[in-house]
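Before any comments, here is the structure.
There are 2 protein chains.
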Amino acid sequence: MAPQLEPYFKKVDELADSFIERLRKAVAIPSVSADEEKRKEVVRMGQFLATELESLGAEVQQRPLGKQPGKEHLDLPPVIIARYGNDKSKRTILVYGHYDVQPALLEDGWATEPFKLTIDDKGRMYGRGSTDDKGPVLGWINAIEAHQKAGVDFPVNLLCCFEGMEEYGSEGLDDFIKAEAKQFFKDADAVCISDNYWLGTEKPCLTYGLRGCNYYSVEIAGPGQDLHSGVFGGTAHEPMTDLMAILGKLVDAKGKILIPGINEMVAPVTEEEKALYGPIAYTMDNLYESLGSTTGIFDDKERTLMARWRFPSLSVHGVEGGFSAPGAKTVIPAKVIGKFSIRTVPDMESPKVNEAVYKYVKDEFAKLGSKNKLNVYCQHDGKWWVASPKHWNFSAASKAVKEVYGVEPDMTREGGSIPVTLTFEEATGKNVLLLPMGSSTDAAHSINEKLDRRNYIEGTKLLGAYLHYVAEEPMVAA
Amino acid sequence: MAPQLEPYFKKVDELADSFIERLRKAVAIPSVSADEEKRKEVVRMGQFLATELESLGAEVQQRPLGKQPGKEHLDLPPVIIARYGNDKSKRTILVYGHYDVQPALLEDGWATEPFKLTIDDKGRMYGRGSTDDKGPVLGWINAIEAHQKAGVDFPVNLLCCFEGMEEYGSEGLDDFIKAEAKQFFKDADAVCISDNYWLGTEKPCLTYGLRGCNYYSVEIAGPGQDLHSGVFGGTAHEPMTDLMAILGKLVDAKGKILIPGINEMVAPVTEEEKALYGPIAYTMDNLYESLGSTTGIFDDKERTLMARWRFPSLSVHGVEGGFSAPGAKTVIPAKVIGKFSIRTVPDMESPKVNEAVYKYVKDEFAKLGSKNKLNVYCQHDGKWWVASPKHWNFSAASKAVKEVYGVEPDMTREGGSIPVTLTFEEATGKNVLLLPMGSSTDAAHSINEKLDRRNYIEGTKLLGAYLHYVAEEPMVAA
Chain A
1 MAPQLEPYFK KVDELADSFI ERLRKAVAIP SVSADEEKRK EVVRMGQFLA TELESLGAEV
61 QQRPLGKQPG KEHLDLPPVI IARYGNDKSK RTILVYGHYD VQPALLEDGW ATEPFKLTID
121 DKGRMYGRGS TDDKGPVLGW INAIEAHQKA GVDFPVNLLC CFEGMEEYGS EGLDDFIKAE
181 AKQFFKDADA VCISDNYWLG TEKPCLTYGL RGCNYYSVEI AGPGQDLHSG VFGGTAHEPM
241 TDLMAILGKL VDAKGKILIP GINEMVAPVT EEEKALYGPI AYTMDNLYES LGSTTGIFDD
301 KERTLMARWR FPSLSVHGVE GGFSAPGAKT VIPAKVIGKF SIRTVPDMES PKVNEAVYKY
361 VKDEFAKLGS KNKLNVYCQH DGKWWVASPK HWNFSAASKA VKEVYGVEPD MTREGGSIPV
421 TLTFEEATGK NVLLLPMGSS TDAAHSINEK LDRRNYIEGT KLLGAYLHYV AEEPMVAA
Chain B
479 MAPQLEPYFK KVDELADSFI ERLRKAVAIP SVSADEEKRK EVVRMGQFLA TELESLGAEV
539 QQRPLGKQPG KEHLDLPPVI IARYGNDKSK RTILVYGHYD VQPALLEDGW ATEPFKLTID
599 DKGRMYGRGS TDDKGPVLGW INAIEAHQKA GVDFPVNLLC CFEGMEEYGS EGLDDFIKAE
659 AKQFFKDADA VCISDNYWLG TEKPCLTYGL RGCNYYSVEI AGPGQDLHSG VFGGTAHEPM
719 TDLMAILGKL VDAKGKILIP GINEMVAPVT EEEKALYGPI AYTMDNLYES LGSTTGIFDD
779 KERTLMARWR FPSLSVHGVE GGFSAPGAKT VIPAKVIGKF SIRTVPDMES PKVNEAVYKY
839 VKDEFAKLGS KNKLNVYCQH DGKWWVASPK HWNFSAASKA VKEVYGVEPD MTREGGSIPV
899 TLTFEEATGK NVLLLPMGSS TDAAHSINEK LDRRNYIEGT KLLGAYLHYV AEEPMVAA
């Protein structure tokens with residue numbers, strides 16, 4: 001163990017109750033960003049963080065982001081940025097978190113009051129925002145406090161970026177990060193984001209990749225208005241018939257994308273990468289439990305995790321404009337819009353993916369010989385992100401996990417996206433590490449969200465330990 | 479001209495204003511069967527008909543149908559049955575109509591008060607129920623009155639069956655007709671229904687066929703709950719993927735049903751039948767106008783009308799359980815239900831159609847190699863109906879059209895269904911004729927429903943003339 005860690009860990013344990021008290025205060029502020037009427041609570045939560053940071057001697061700014069787009073009477077909550085330490089001989093680490101939360105109502109089915117931290121006898125601390133993302137954000141503040149009270153020198157300069165709109169599209173944040181990359185964040189040597197979860201419940205992980213997402217609409221229109229299938233069935237080209245023919249040819253039942261050119265864009269699996277999968281704590285039963293069924297495509301862990309993390313997938317989400325209610329209606333819809341998305345991975349480039357999709361959809365439509373009109377377009381795209389898990393930022397985190405939990409962390413990717421990750425990487429040009437505090441059972445975004453006491457307290461140790469190991473890593477780029 | 483028709487026609491013309499006044503009174507009663515609060519108006523409308531018929535000397539019964547299924551506090555409106563004439567030497571004709579109407583509100587976009595008959599300078603009489611079906615029902619009453627006032631012997635015994643729930647599923651009527659077929663309706667020699675429309679606006683038609691409809695659901699389920707496509711895309715069999723593969727293989731873009739065995743069940747087109755299509759007043763422009771587009775499958779009238787009337791068609795109506803709202807949502811739906819229906823024609827038998835559909839859907843699903851679960855079933859079916867257009871019932875109507883309008887009527891079928899037609903045919907065992915009064919532009923079920931003065935007054939002549947020719951037709955079955 002690095003010599004400074006022992007007193008730090010001891011102090012974290014001593015302060016555990018006060019750290020939980022800090023979380024209790026944070027959870028009690030219903031900082032729901034999606035709810036206009038709760039906007040003042042979001043602002044109050046930002047103020048709470050600012051006050052905590054200032055009381056520990058950090059230099060804090062509450063930076064306005066202007067009005068909320070589409071709701072010009074409403075101010076966006078400020079971004080709380082802070083600097084703790086300004087020693088040129090130390091590394092500077094930029095950490096990101098968010099202080100807003102998902103909506104929550106007792107009547108949604110919560111077993112306890114969502115905005116009252118409630119701890120059961122197994123140390124599960126229930127409350128909205130406990131794990132997403134107030135616990136991790138407070139972890140950084142706890143780490144500063146424990147260092148001060150233990151009399152241990154803080155090993156790095158810490159830059160904080162805590163936003164209040166993450167659960168509502170991070171309105172305004174991208175431009176802010178891009179602007180501050182060369183200003184407030186310009187000294188950052190690496191970035192650490194604690195806003196995701198372990199793959200399971202026992203073994204910590206470091207996350208080095210996320211898939212991107214290209215979301216498509218396929219619009220097919222023909223008649224001027226909806227038609228009666230008795231009167232017109234058989235006489236007119238039906239948009240829904242054409243759409244089904246196209247949506248039925250995008251992907252096979254085993255998940256293989258049938259659009260020519262897509263699979264060819266995928267980076268080959270290297271031996272080094274393959275070696276990362278073996279040790280990962282994950283079983284097919286974990287998959288079946290989360291699916292609520294045994295309808296997995298693959299029978300083994302490696303192929304399942306690779307399909308989730310490092311290969312593209314295509315999902316058809318639904319059809320707009322058709323008859324979607326229960327029962328029976330004999331309508332020929334005049335215009336239907338099929339929605340599907342492709343999860344993207346290295347080295348897929350969004351414009352090339354779009355090009356392949358458009359060409360395939362148009363070609364397949366042309367083959368039909370329909371007189372209807374087709375329009376296919378990308379609703380939005382977000383790029384995949386993959387960091388080097390060999391970078392010193394990851395090595396340091398890995399040592400910290402070993403120190404705190406006694407195991408090597410799983411090196412994981414995620415199938416979904418956390419867009420701010422890529423924004424930080426592109427804006428700062430630095431390595432970004434995803435260092436989760438909570439576990440897979442924390443139910444972020446669901447009812448009965450919780451953070452285990454162990455994950456919070458050991459997680460606070462982990463964040464501090466990570467900073468110590470980061471400070472010790474050799475000064476080489478990776 | 480049959481000698482009795484001239485004074486009858488003359489009297490109809492003389493009484494035209496009073497017949498329009500009768501329609502005005504009927505339209506003023508908002509007999510909306512779908513609206514519980516209007517039930518008393520429906521009952522009042524039935525009473526109005528009963529009173530009119532009684533004042534002309536008909537024997538009238540208001541027959542209760544019990545409580546409304548699912549709304550047991552609510553009485554169904556009575557069926558108004560009547561007999562006018564009981565001369566054993568005359569034929570007995572059973573006529574059907576309905577006295578309830580579709581809902582209508584000025585704010586739906588009506589140009590005039592929907593329950594106030596408003597006549598423009600071109601003789602278009604606007605009002606809810608004007609054409610569907612109060613005008614035709616009053617046509618029979620007008621015919622009786624004009625005969626009486628012209629001093630012309632009524633040529634047949636007339637049985638009336640006027641219901642008050644047609645626009646809400648004809649609740650209770652089927653059982654009533656079946657029971658009365660051997661009672662009140664037992665003398666009927668033929669049936670005439672005036673509740674559909676000319677194919678166009680100028681040329682009258684007689685309708686001898688309707689398609690049936692088998693409505694299917696294809697349910698595919700896998701995961702225990704909806705999944706996030708980022709987290710699970712590529713790892714689990716997606717119900718929507720399977721469903722699209724199946725729905726994409728049911729019918730081609732040109733309307734050809736791809737389910738083996740279906741097309742083989744269709745009765746071949748005879749030369750006699752083919753000859754009926756040539757004279758029909760219908761153009762491709764009529765199709766394009768009603769489609770609101772030029773996306774018709776065929777370029778000629780004959781194939782278009784045959785596709786609409788005498789060949790089966792398959793329409794996919796929509797998907798339940800997927801994402802059907804505007805925008806983007808990255809969901810993998812846990813269970814999706816595709817809805818499609820097949821319009822059936824002679825000689826398709828519903829159980830055999832079901833069998834072919836089930837086998838094909840199951841076979842195609844099996845080919846996918848998916849671990850999801852499939853369930854395919856028929857939600858409801860209704861049989862096609864075709865009468866012989868050579869029957870004396872049709873010959874008589876044809877002569878009446880020639881007499882009143884100076885042209886041979888088009889012999890038409892319809893692509894949709896009027897279930898009561900088949901009920902009458904099966905219950906009475908007699909020929910059923912559909913003899914429309916209104917035209918294709920009457921906008922039944924839409925805003926600004928209307929009946930042209932010409933169609934109403936000449937239509938009253940037509941109904942009376944039909945009865946005269948029916949009385950004269952040779953007594954042979956056809």
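As you go down the protein sequences, you meet chains A and B in turn.
With the numbering used here applied, the first sequence corresponds to residues 1 to 478, in that order.
With the numbering used here applied, the second sequence corresponds to residues 479 to 956, in that order.
Where is the CB? At the ideal position from N, CA and C, for every residue including glycine.
If you're wondering where the values come from, they're calculated on a predicted model, not measured in any experiment.
Report task. Compare the C-beta of V269/A with all C-beta atoms of chain B and state if any pair is closer than 8 Å. Result -> Closer than 8 Å: no.
Query raised in the report: If E798/B sits next to S315/A, beta carbons under 8 Å apart, how far is it from one beta carbon to the other, in whole angstroms?
Result: Not a contact, Cβ separation roughly 18 Å.
Report task. Helix, strand or coil for G796/B, going by three-state DSSP, please let me know. Result -> Note: G796/B maps to strand in three-state DSSP.
Requested in this report: Please go through the same chain and pick out, in chain order, the residues whose beta-carbon is closer than 6 Å to the beta-carbon of P114/A, but skip the five residues on each side of it.
Outcome: Annotation for P114/A: A104, R128 place their beta carbon closer than 6 Å to its own, counting only its chain and skipping 5 residues before and after.
Query raised in the report: Which full runs of the beta strand (DSSP E) of 3+ residues lie inside the stretch 765–838 of chain B, going along the chain?
Result: Correct list: 791–798, 813–822.
Query raised in the report: Since Y515/A meets chain B, which of its residues come closer than 8 Å, beta carbon to beta carbon?
Result: Absent from the structure is residue 515/A, since the part of chain A shown begins at 1 and ends at 478.
Report task. Buried or exposed for K461/A, please, with buried defined as at least 16 other CB atoms from any protein chain shown within 10 angstroms of its CB. Result -> Flag for K461/A reads buried.
Query raised in the report: Who does N157/A pair with in a DSSP beta bridge?
Result: BP columns for N157/A point to T92/A.
Requested in this report: From the DSSP output, in three-state form, read off D859/B for me.
Outcome: Residue state, collapsed to three classes: strand.
Query raised in the report: K877/B: which of A812/B, H946/B, Y855/B sits nearest, CA to CA?
Result: Of A812/B, H946/B, Y855/B, the residue nearest in Cα terms is H946/B.
Report task. Could you spell out where the beta strand (DSSP E) holding G212/A opens and where it closes? Result -> Residues 212–221.
Query raised in the report: Out of curiosity, what's the CA-to-CA distance linking G726/B and S217/A?
Result: Spanning the two alpha carbons is a distance of roughly 17 Å.
Query - Paired residues, beta bridge with Q540/B - DSSP - result: Note: Q540/B sits in a beta bridge opposite I558/B.
Query raised in the report: Whole-angstrom Cβ separation of A480/B and E950/B, contact assumed at under 8 Å?
Result: Going by Cβ atoms, the distance from A480/B to E950/B rounds to 7 Å, so yes, they are a contact pair.
Requested in this report: For S341/A, count neighbouring Cβ atoms within 10 angstroms of its own Cβ and tell me buried if that reaches 16, exposed if not.
Outcome: It is buried - the Cβ of S341/A has at least 16 other Cβ atoms within 10 Å.
Query raised in the report: Under a CB-based cut-off of 8 Å, is A723/B close to chain A?
Result: A723/B counts as touching chain A.
Query raised in the report: How close, in whole Å, do the beta carbons of K509/B and K516/B come, if the pair is a contact with beta carbons under 8 Å?
Result: The sequence shown places Ser at residue 509/B, rather than the Lys named in the question. Right, their Cβ atoms sit about 7 Å apart.
Report task. Figure out for me which residue from K566/B, L728/B, A536/B, K545/B has the closest Cα to the Cα of C638/B. Result -> Closest in alpha carbon position to C638/B, among K566/B, L728/B, A536/B, K545/B, is A536/B.
**Report entry** V885/B Cβ short of 7 Å to the ligand ADP heavy atom set
**Finding:** This structure lacks the ligand ADP; in fact it carries no ligand of any kind.
Query raised in the report: Do we get a CB-CB distance below 8 Å when we pair S982/B with the residues of chain A?
Result: Residue 982/B lies beyond the residue range present for chain B, which begins at 479 and ends at 956; the question has no answer from this structure.
Query raised in the report: Counting only beta-carbon atoms, is I297/A nearer than 8 Å to chain B?
Result: Nearest CB-CB separation between I297/A and chain B: below the 8 Å threshold.
Requested in this report: Identify every residue that forms a DSSP beta bridge with V101/A.
Outcome: Residue pairing from DSSP places V101/A in a beta bridge opposite V32/A.
Query raised in the report: Just curious, the beta strand (DSSP E) that I193/A is in, first and last residue?
Result: Where I193/A is concerned, the enclosing beta strand (DSSP E) stretches over 190–193.
Requested in this report: Determine, using beta carbons only, whether V521/B comes closer than 8 Å to chain A.
Outcome: Under the 8 Å criterion on CB atoms, V521/B is classed as non-interfacial with respect to chain A.
Query raised in the report: In its own chain, which residues sit with a C-beta less than 8 Å from the C-beta of E484/B, not counting the 5 before and 5 after it?
Result: Closer than 8 Å at the Cβ level, and outside the excluded window around E484/B, lies no residue.
Query raised in the report: Does the stretch 852–861 of chain B come close enough to the stretch 606–617 of chain B that 3 or more CB-CB pairs lie under 8 Å?
Result: Between the stretch 606–617 of chain B and the stretch 852–861 of chain B there are fewer than three C-beta pairs closer than 8 Å, too few to call the two in contact.
Requested in this report: Can you tell me which of K813/B, V557/B, Y562/B puts its alpha carbon nearest to the alpha carbon of G800/B?
Outcome: The closest CA to that of G800/B, considering only K813/B, V557/B, Y562/B, is found on K813/B.
Report task. Return the chain-ordered list of same chain residues with a C-beta closer than 7 Å to the C-beta of S873/B, the five sequence neighbours on each side being excluded. Result -> Here S873/B has E951 as same chain residues with Cβ atoms under 7 Å from its own Cβ, once five neighbours each way along the sequence are excluded.
Report task. Identify, in the order they occur along the chain, each residue of the same chain with its Cβ nearer than 8 Å to the Cβ of L76/A, setting aside the five sequence neighbours on each side. Result -> Within the same chain, P64, L65, G66, K67, Q68, G164, M165, E171, G172 come within 8 Å of L76/A by CB-CB distance, once the 5 residues on both sides are set aside.
Query raised in the report: When you compare only the Cα positions, how much space is there between A834/B and P804/B?
Result: Rounded to the nearest angstrom, the two C-alpha atoms are 36 Å apart.
Report task. Drop a sphere of 10 angstroms on the beta-carbon of Y934/B, count the other beta-carbons inside from all chains shown, and report buried for 16 or more, exposed for fewer. Result -> Y934/B should be labelled buried.
Requested in this report: Let me know if V948/B comes out buried or exposed under the rule of 16 or more other beta-carbons within 10 Å of its beta-carbon.
Outcome: V948/B is buried by the Cβ-count criterion.
Query raised in the report: Got a sec: is the Cβ-Cβ distance from V794/B to anything in chain A below 8 Å?
Result: Closer than 8 Å to some Cβ of chain A, the Cβ of V794/B qualifies, so yes.
Query - One or two residues paired with L929/B in a DSSP bridge - result: DSSP, once it has assigned bridges, lists M603/B as partnering L929/B.
Requested in this report: Determine whether the Cβ of T590/B lies closer than 8 Å to any Cβ atom of chain A.
Outcome: Interface criterion not met: the Cβ of T590/B is under 8 Å from no Cβ in chain A.
Query raised in the report: How many angstroms separate the CA atom of K837/B from the CA atom of V404/A?
Result: Distance from the CA of K837/B to the CA of V404/A, rounded to the nearest whole angstrom, comes to 60 Å.
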